[in-house]
Amino acid sequence: MNLYQKVALVTGGGTGIGRAVSLALADRGAAVAVNYSRSKSEAEETAAYIQDHGGRAIVFQADVSKDHEVRAMVDRIVQHLGTVDLLVNNASITRYIPLDDLEAADEEAWDELFAVNVKGMFYCARAVAPYMKKSKQGAVVNMGSIAGLTGLGSSLPYAVSKSAVLGLTKSLARALAPDIRVNGIAPGAVATRWWEGREEMMNRLTRQLLLQRVSTAEEIAGLVCAVLEQESMTGQMITVDGGQTL
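Per this note's numbering, the sequence shown runs over residues 271 to 516.
Now the structure itself:
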C-alpha cells in the first residue's frame, strides 16, 4: 500500500514512538490524526511540526479506554479528513510493580492496564473498520512489547496485557480479512524519555544485548510504515529487540 495521501490515526501520537510514527507517516505523504489522552501540548507540537514541514496533521483528544470517546473521535476525524485508511494502535500505559509482589497487582491495576492496552486497541480498530472496509483497503499496526513474549516487564499485569495484544492482533486479522490487514510490532528497549533518570539501567541492558544497542523511536516508526505498506502480511507480530529474546 502506498501511504501517500492516506489518512492515518496514531493513538498516543504526540510522544515517544507515537510522535516518531506520526512524523514518519507525514514524511510519506499521509495525513495524520494525532490522538492524545493527556499529553495535549506534545500532540499539538507534533502536529505543528508536521504542518510547518508541509504536511497535514490534526490533533484529536480521546481516552482510548472509553468506547464512546473513541467513536466520537473517529467521527470527527472523518468529518475533517474524509476517512481513516491506517490505524497505529500505539497508546498504552503501565504500572511499576515488582513481578513477585502479587498482592500489589490489584484489581485496579489489572482493569486500568487492560482497559487501555487491550480494549482500547479493540475499540479503535472497531471504530475505523467500517471506513476501511468501504474502501476495501486498510491496515492496522498494534504496538506490543517483548514483555508479552517473555513475561518480564514493568509489572505482571503489563506483561500479560501485552501478551493479549498478540492474541488480539491474530483475532482481528481473521475478523477483518480480506479488506483490512492487522499486524503488530513487539519492541524491546527503545530510547525514549522513559529512560530519563534511568540511563545506567539502559547502559547495563545495552551491554547484554547481542547488538549492544537499543532501538530508536525512529527505527520503530520506519518499521511501522513498512508493515503498513506490506500488502501480503497479516496476523504477524514482529520482534525488534537487538537480540534480547534469543
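Even for Gly, the Cβ is constructed at its ideal location relative to N, Cα and C.
Between V329 and E314, is the Cβ-Cβ spacing less than 8 Å? If you check the CB distance, V329 and E314 come in under 8 Å.
Nearest CA to the CA of T364: which residue from V358, L422, G408 and K404? Nearest C-alpha to T364: L422.
Q: Under 6 Å Cβ to Cβ from K432, same chain only, skipping five residues before and after it: list those, please.
A: Beyond the five residues adjoining it in sequence on each side, K432 comes within less than 6 Å, by CB distance, of G414, S415, A417 and G418 in the same chain, given in chain order.
Exercise for the section: Output yes or no for whether 8 Å exceeds the beta carbon distance between V494 and V291. Expected result: V494 places its beta carbon less than 8 Å from that of V291.
- [ ] Starting from P457, trace the beta strand (DSSP E) both ways and give me its first and last residue.
- [x] Its beta strand (DSSP E) spans residues I450 to P457.
Item checked: First through last residue of the alpha helix (DSSP H) which encompasses T316 -> Per DSSP, T316 belongs to the alpha helix (DSSP H) from K310 to D322.
**Q.** DSSP beta-bridge partners of Q331
**A.** Y306, per the DSSP bridge assignment.
Considering only their Cβ atoms, is the gap separating I450 from A496 smaller than 8 Å? Between A496 and I450, the C-beta spacing is not below 8 Å.
**Prompt:** Beta carbon of A287, beta carbon of I490: below 8 Å?
**Reply:** One detail in the question is off: residue 287 reads as Ile in this sequence, not Ala. Yes. Within cutoff.
Give the secondary structure of I387 by DSSP, where H, G and I count as helix, E and B as strand, and everything else as coil. A small fix is needed here, since residue 387 is Asn in this sequence, not Ile. Looking at N387 - three-state DSSP - the assignment turns out to be helix.
Notebook entry, point to check: Is it true that the CB of G492 sits closer than 8 Å to the CB of A361?
Noted result: Taking a C-beta distance under 8 Å as the contact criterion, A361 and G492 do not qualify as a contact pair.
Legend entry - 6 Å Cβ shell around N387 - same chain, five flanking residues per side excluded: Around N387: S362 and S431.
6 Å Cβ shell around T486 - same chain, five flanking residues per side excluded:
Contacts found: A461.
**Study point:** Straight-line gap, A379 to A429 (C-alpha atoms, nearest Å)
**Key:** If you take the alpha carbons of A379 and A429, they lie about 12 Å apart.
Q.
Let me check one thing: in DSSP terms, what residues is S485 bridge-paired to?
A. Among the bridge pairs identified by DSSP, S485 is matched with V460.
**Asked** Quick one: what's got a C-beta closer than 7 Å to L357's C-beta in the same chain, skipping five residues either side?
**Response** For L357, where only same-chain residues beyond five positions count, the Cβ hits under 7 Å are L279, C394, A395, V398 and V410.
Under 8 Å by Cβ, that's how I've got A296 and V277 pegged, so tell me the actual separation to the nearest angstrom. Going by Cβ atoms, the distance from A296 to V277 rounds to 12 Å, so no, they are not a contact pair.
Looking at the secondary structure, which residues open and close the alpha helix (DSSP H) in which G414 lies? Taken as a continuous stretch (DSSP letters only), G414 belongs to no alpha helix (DSSP H), as it is neither H nor E.
### Message
If you follow the alpha helix (DSSP H) that V348 is in, where does it begin and where does it stop?
### Response
Run containing V348: D337 to L351, per the alpha helix (DSSP H) assignment.
Taking only the alpha-carbon atoms, compute the straight-line gap between S441 and G505 and give it to the nearest angstrom.
Taking the straight line joining both Cα atoms gives about 8 Å.
Please identify the residue among N473, V354 and P427 whose C-alpha is closest to the C-alpha of E373.
Considering only alpha carbons, the answer is P427.
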